[in-house]
Amino acid sequence: MALTFQINGKAHQVDADPDTPLLWILRDHVGLTGTKFGCGIAQCGACTVHLDGAAARSCQVRAGDAAGAAITTIEGLSPDRSHPLQMAWIENNVPQCGYCQSGMIMAAAALLKATPKPSDEDIATYVDNICRCGTYNRIRSAIQKAAGMVA
Amino acid sequence: MKEDAVLGETAALNRRDLLVRGALVGGSFAIGFGPAAAQDNKGKVADTPAAAPGAVGAMGDPELTPWVLIAPDDTVVIRVASPEFGNGAMTQCVALVAEELECDWAKIRTEAASTNRDYVTYGGYSPIHPAAAFFGGRSTMGQRIKAMQQVGASARERLRIAAATRWGVAPGEVTIAKGVLTHAASSRSLRYGEVVADAAKVKLTAEPVIKKPAEWTFLGKASPSKITIPAIVDGSAQYGMDVRLPGMVYAALMQSPVHGGRLKSYNADKVKAMPGVLAVVTVDPDEPRGVAMMSAAPYGYSLTGTRAAVAVIAEHYWQAQKSLEALPVEWHDGPGARWATTQAIYDAAIAATGNDINARVEQAYGDVSAIDAPGAKLVKQTYLTPYCDQAPMEPLNGTALVTADRVEVWHPAQNSQQAFWVASDEAGIVPERVFFHQTLVGGAFGRRLESDDVRMVVAIAKRFPGRPVHTIWSREEMTRQGKYRPMVATKMTAALDPKTGLPTAAIARQASRGHYPRFADTAYFMGCIPNVRVDARELPLHVTPGPYRGPGYNSYTFFQETFIDECAHAAGIDPVEYRLRLLEKWPNPGWAKSLKEVAKQAGWGKKLPRGTAQGVAITGWGLNGQKTLGTCVAVVATVEVTRKGALTVKQLDAAFDTGKVMNRDEITNLIEGGLIFGLNMALNEEMTVKDGRMVEGNFDAYKILRMAEAPPIRVHFGGLSGADRYSEIGEPPVGTVGPAVGNAIFRATGKRLRRQPFLTQDLSWS
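Here the protein sequences come in this chain order: B and U.
Numbered per the UniProt record's numbering, the first sequence finishes at 151, counting up by one with no gaps.
Numbered per the UniProt record's numbering, the second sequence finishes at 766, counting up by one with no gaps.
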């Protein structure tokens, strides 16, 4: 059936089963591949996007439920990698393989929106995505650096 | 110099051949990385089936060498053969070229070098060393350092000559900085992009001499952030999972739940009418396949066999996966089903260490009979490491387009050359007509090395020819169909000298399936203990083993460093001091230096509250039988264990010796990551078996550390010996951290952990 999504400020019409996870709508129907498939059961967070400003694991969001919400993906976080988190990520040489990092950044962006000056505990609690390369300490310090930039 | 004949501009000798064969020559993967590339990638799909670029690059720009092309706007494209999977290899390879090319770092973009082109130009990309090393492996291997520097130097000199010729001055009067050529006397300057077309025609009479390390201005000094990161942070990076091609369809995969089983029956009619379904196909490991020619696959084909499988192909992945779940399938389990429990496997392995049936000697010198002497002071224990899954964040996947006379593959391989040859073998198509496009890799850790995943991708695509088929393993499918770090049981015995407390003889008896449980590269078993015997037995187990970050090393380091700790305890000597005394006989000074450095930095010996303690370990990787090569890592772990047994790793300190370092921040990043990886292995990881089937399928059951559990890490550079090598750092920390934590737990609780993972064991104390 025809579904309309508001993604990164643009309307996209997609013909898909409303039970399809939003993750696959973004990746396969709309072609926004920055949102990653990692586990499919909301464990790893690689598929994190913003739904009406809040972080959501898109593998567990029904397409039918996301139609109408304002969806932001990593591609829509900034037009030119100018979001403080993106700049801090580059400066701190955070990623290794990088596959989990768009989900990490989206989770962190939602945290900073709600809590502009998070404690390390806030970060660890809120950004509980999996990074198999083990870049957690760099992620934490990059989030703190980005929080400082926003000051 | 022989190596020059195929490098740099002299590759033009091959160009005639290249043009003759032009129609067969594949372009490189046109999606690049680097500051100059990320913006271009936005909204772009992966390239369509390869065109023939001939003597120009995929972007139509003049190609200086197969490695370097420069666009009129000064964008410098540097092709990289070593796949990037988080190890920084792409950035390091580019840095090696940039050191000599004197170009603007901000204007570099990278592409994967083409394995097809390497083949049809008789090794045009792999001139100095056997090709395998160049399409996989690490970036700081001595020969690669020289080869990539030479590529940069040759290109630079040709640009210099082109500018000098245009100005009618001597090349020696032209200076170069940041991609700009200057003739100071006449105040003239040209950008690389303005002379590159001329430079492409320049032939050097002799290859320029590359800089010595002492002359480097960038390598070993700068710590550039990885060239892949801009594309990672805006979502434009193209992993295998992100390949999008016109007409592409998706396959969801199910393989025999017992490794080694066969497909008994399935009913495609039940799913054919489901939305989007295009076909149900099967893969039979027993069918004949292959190309009648000598393979140059670096790891051969014997480890790449497919499993029995059925796959649903559909317009979208979600449709394929849902239909697969609805597909009735029955399997012949085969002999693996007799292993009812993991414990039965462990018991069999431990029992096997008690006899010498089929024992193969791995390492032996001196005379170990002191162990049998009456009254000998013995330390004797049995250790075990379980099956572990590499679990990279990007699930296994790949895309292939098979037609009657060619196969094209877009894939996140750990070694593109292995992948190239496996694709040829599975498709039954000669390598000239195999076009393999290396993508960025979302983690590998050994799982993507052997290319069994490539074989499966091609096996499915060849049953649906004419359209690109993107096969995706679900996380559960991937986890249960792994090629695991083998389960290894080891019985270790040492006789201690009654005076010194040090081992006079040691025996390690191992049992496993998989060729990785060696005690290679360990100082103690390479000379510090005067009499040694290490042997191994193969068990008839069905669970498929494979390389996992630090193959073999990730197990025996735990055995060795726990055992040595037990010896130190039995001798009543401080664990750091005991190791230093053992290392007195070791000719590689970096080991003792690293151990002393980490002990000092971690405050070894300081008073700690009850339940809190420090443990130490030191291990080495990449020695290849040479005592003064490779990398050693020394770790002190500080842990706290509550009386109820709750463990917190409070701090990890690491010192190391790679000889020298190229990129200090990247080394730090890789040590931090390696420690977290090894810590998770030791604390959490265990794949279990029930009735022959692998049990854990996803991250709810197969736990991976998250940020809240990641300890603070301090990486210390004071262990560096300054020896003339840049040894690898990705694998070494993985083996050291587990025994350091286990030894700390012993000192905190009195409980000696002889099996991994630790967190399934009772750590309570009173």
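For each residue, glycine too, the CB sits at the ideal point set by N, CA and C.
As the structure is a prediction and not an experimental result, all values here were calculated from the model.
Residue i, buried or exposed, once every other Cβ within 10 Å from all chains shown has been counted against 16
{"i": "R27 (chain B)", "result": "buried"}
{"i": "M293 (chain U)", "result": "exposed"}
{"i": "Q414 (chain U)", "result": "buried"}
{"i": "Q390 (chain U)", "result": "buried"}
{"i": "P732 (chain U)", "result": "buried"}
{"i": "R610 (chain U)", "result": "exposed"}
{"i": "A52 (chain U)", "result": "Because A52 (chain U) sits at a pLDDT of 31, beneath the cut-off of 50, its placement in the model cannot be relied upon, and the following sentence gives the value as read from the coordinates. Exposed: under 16 other Cβ atoms inside 10 Å."}
{"i": "R209 (chain U)", "result": "Sequence check: residue 209 (chain U) is Val here, not Arg. Flag for V209 (chain U) reads exposed."}
{"i": "residue 768 (chain U)", "result": "Nothing can be reported for residue 768 (chain U): it is not among the residues displayed for chain U, which extend from 1 to 766."}
{"i": "T749 (chain U)", "result": "buried"}
{"i": "P503 (chain U)", "result": "buried"}
{"i": "L662 (chain U)", "result": "In the sequence as presented, Leu is not what sits at residue 662 (chain U); that position holds Met. Buried."}
{"i": "D118 (chain U)", "result": "buried"}
{"i": "D284 (chain U)", "result": "exposed"}
{"i": "I7 (chain B)", "result": "buried"}
Neighbour list for residue i in chain U, Cβ cutoff strictly below 7 Å
{"i": "F37 (chain B)", "result": "M241 and P395"}
{"i": "R62 (chain B)", "result": "None at all; the shortest Cβ gap to chain U is about 12 Å."}
{"i": "G31 (chain B)", "result": "R244"}
Range covered by the beta strand (DSSP E) that runs through residue i
{"i": "residue 767 (chain U)", "result": "One cannot answer for residue 767 (chain U) here, as it falls past the ends of chain U, which runs 1 to 766."}
{"i": "Q510 (chain U)", "result": "P503 to S512"}
{"i": "W604 (chain U)", "result": "Unbroken run through W604 (chain U): none, as it is neither H nor E."}
{"i": "D15 (chain B)", "result": "K10 to D15"}
{"i": "G615 (chain U)", "result": "T612 to W621"}
{"i": "D657 (chain U)", "result": "L647 to D657"}
Within 8 Å, strictly: CB atoms of residue i and residue j
{"i": "D521 (chain U)", "j": "G620 (chain U)", "result": "yes"}
{"i": "M248 (chain U)", "j": "R448 (chain U)", "result": "no"}
{"i": "F559 (chain U)", "j": "M492 (chain U)", "result": "yes"}
{"i": "E450 (chain U)", "j": "Y317 (chain U)", "result": "no"}
{"i": "A489 (chain U)", "j": "I350 (chain U)", "result": "yes"}
{"i": "N116 (chain U)", "j": "V434 (chain U)", "result": "yes"}
{"i": "R140 (chain B)", "j": "M478 (chain U)", "result": "no"}
{"i": "L77 (chain B)", "j": "I105 (chain B)", "result": "yes"}
{"i": "D453 (chain U)", "j": "R289 (chain U)", "result": "no"}
{"i": "Q381 (chain U)", "j": "E566 (chain U)", "result": "yes"}
{"i": "S102 (chain B)", "j": "G148 (chain B)", "result": "no"}
{"i": "G428 (chain U)", "j": "V291 (chain U)", "result": "yes"}
{"i": "A511 (chain U)", "j": "A337 (chain U)", "result": "no"}
{"i": "P386 (chain U)", "j": "M687 (chain U)", "result": "yes"}
Sequence-distant residues of the same chain with beta carbon closer than 8 Å to residue i, five excluded per side
{"i": "M241 (chain U)", "result": "E394, P395, N397, P412, G442 and I472"}
{"i": "D19 (chain B)", "result": "R62, A63 and G64"}
Unbroken alpha helix (DSSP H) run spanning residue i, endpoints
{"i": "Y126 (chain B)", "result": "D120 to Y126"}
{"i": "F746 (chain U)", "result": "P732 to T749"}
{"i": "D452 (chain U)", "result": "D452 to A461"}
{"i": "G148 (chain B)", "result": "Y136 to V150"}
{"i": "E566 (chain U)", "result": "Y553 to A571"}
{"i": "Y578 (chain U)", "result": "P575 to L582"}
{"i": "L85 (chain B)", "result": "P84 to E91"}
{"i": "C93 (chain U)", "result": "A89 to L101"}
Beta-carbon contacts of residue i that lie in its chain and below 6 Å, excluding the five residues immediately before and after
{"i": "G88 (chain U)", "result": "K226 and E666"}
{"i": "A744 (chain U)", "result": "A613, Q614, G615, A637 and V639"}
{"i": "G366 (chain U)", "result": "P530 and N531"}
{"i": "Q418 (chain U)", "result": "A297, P298, Y299 and S451"}
{"i": "A568 (chain U)", "result": "P575 and Y578"}
{"i": "A268 (chain U)", "result": "V280"}
{"i": "P35 (chain U)", "result": "The predicted position of P35 (chain U) is uncertain, since its pLDDT is 48 and thus under 50; no value can be drawn from it."}
{"i": "A634 (chain U)", "result": "S594, L595, V598, I618 and A655"}
{"i": "H12 (chain B)", "result": "F5 and V30"}
{"i": "S139 (chain U)", "result": "S82, A89, Q92 and C93"}
{"i": "A723 (chain U)", "result": "G659"}
Residues that residue i contacts on chain U, provided the C-beta gap is smaller than 8 Å
{"i": "A46 (chain B)", "result": "M393"}
{"i": "I57 (chain B)", "result": "Note on residue identity: the sequence assigns Arg, not Ile, to residue 57 (chain B). In chain order: nothing, as chain U lies at least about 12 Å away."}
Contacts of residue i in chain B (Cβ-Cβ under 7 Å)
{"i": "P498 (chain U)", "result": "Under the 7 Å cutoff, chain B gives no residues; its nearest Cβ is about 44 Å from P498 (chain U)."}
{"i": "H411 (chain U)", "result": "By Cβ distance, chain B contributes nothing, its closest Cβ being about 15 Å from H411 (chain U), past 7 Å."}
Partners in chain B for residue i, counting only beta-carbon separations shorter than 9 Å
{"i": "D535 (chain U)", "result": "In chain order: nothing, as chain B lies at least about 34 Å away."}
Cut-off 7 Å between Cβ atoms - residues of its own chain near residue i, not counting five sequence neighbours on either side
{"i": "M148 (chain U)", "result": "C93, L96 and V97"}
Contacts that residue i makes with chain B (C-beta to C-beta distance below 8 Å)
{"i": "S236 (chain U)", "result": "G34 and E75"}
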